[in-house]
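Colleague:
Numbering (the working numbering), first residue to last: 72 to 166.
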């Protein structure tokens, strides 16, 4: 899936979403576990997770009544690579 740099930046413009992605780097977590790490309501966390899911930065799976989220590492790497390519100047190699 090709993700635009604009959508990637919009999704990461919120500190809560940045924190959620950082937490998910450690592995899959349930919504309840994610909610427990914040002083925010479950519906608000679900909103943030949906924003991340809509731009394919996280994936989800349902197990009974619980929903588990994990980071979509390949898409995060793709987006970061696009940002580097777009905005970082290549430095000349030292002589």
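Beta carbons are placed, not taken as given, at the ideal position from N, Cα and C, and that holds for glycine.
How many Å lie between residue 104 and residue 165 at the Cα?
Modeller: Stepping through the chain shown from its first residue, residue 104 is reached at position 33. Stepping through the chain shown from its first residue, residue 165 is reached at position 94. Approximately 48 Å between the Cα atoms of the pair.
Colleague: With DSSP as the reference, identify every bridge partner of residue 94, one or two as the case may be.
Modeller: Position 23 of the chain shown, counting from 1, holds the residue named residue 94. DSSP lists no partner for residue 94.
Colleague: Between the alpha carbons of residue 152 and residue 109, how many angstroms are there, rounded?
Modeller: As a first step, residue 152 must be located in the chain shown, where it is residue number 81. As a first step, residue 109 must be located in the chain shown, where it is residue number 38. The alpha-carbon atoms of residue 152 and residue 109 are separated by roughly 29 Å.
Colleague: Mapping the DSSP letters down to three states, classify residue 74 as helix, strand or coil.
Modeller: By one-based count along the chain shown, residue 74 stands at place 3. Looking at residue 74 - three-state DSSP - the assignment turns out to be coil, as it is neither helix nor strand.
Colleague: What did DSSP end up calling residue 109 once you bin it into helix, strand or coil?
Modeller: Counting from 1 along the chain shown, the entry for residue 109 is found at position 38. In this structure, residue 109 counts as coil in the three-state DSSP scheme.
Colleague: Can at least three beta-carbon pairs, one atom from the segment 124-133 and one from the segment 82-92, be found at a separation below 8 Å?
Modeller: yes
Colleague: Hey, could you find the ends of the beta strand (DSSP E) residue 129 is sitting in?
Modeller: Within the chain shown, residue 129 is the residue found at index 58, counting from 1. Here the beta strand (DSSP E) through residue 129 covers 129-134.
Colleague: Got a sec, what are the start and stop residues for the alpha helix (DSSP H) residue 147 sits in?
Modeller: For the purposes of this step, residue 147 is taken as the residue at position 76 of the chain shown. Per DSSP, residue 147 belongs to the alpha helix (DSSP H) from 144-158.
Colleague: Relative to the alpha-carbon of residue 87, which residue among 76, 122, 134 and 99 has its alpha-carbon at the smallest distance?
Modeller: Residue mapping note: residue 87 aligns to position 16 of the chain shown, counting from 1. Residue 122 is the option with its Cα nearest to residue 87.
Colleague: Roughly how far, in whole angstroms, is the beta-carbon of residue 102 from the beta-carbon of residue 113, given that I think they are within contact range, below 8 Å?
Modeller: Here residue 102 is taken as the residue at index 31 of the chain shown, counted from 1. Here residue 113 is taken as the residue at index 42 of the chain shown, counted from 1. Indeed, because the Cβ distance is near 7 Å, the residues count as touching under 8 Å.
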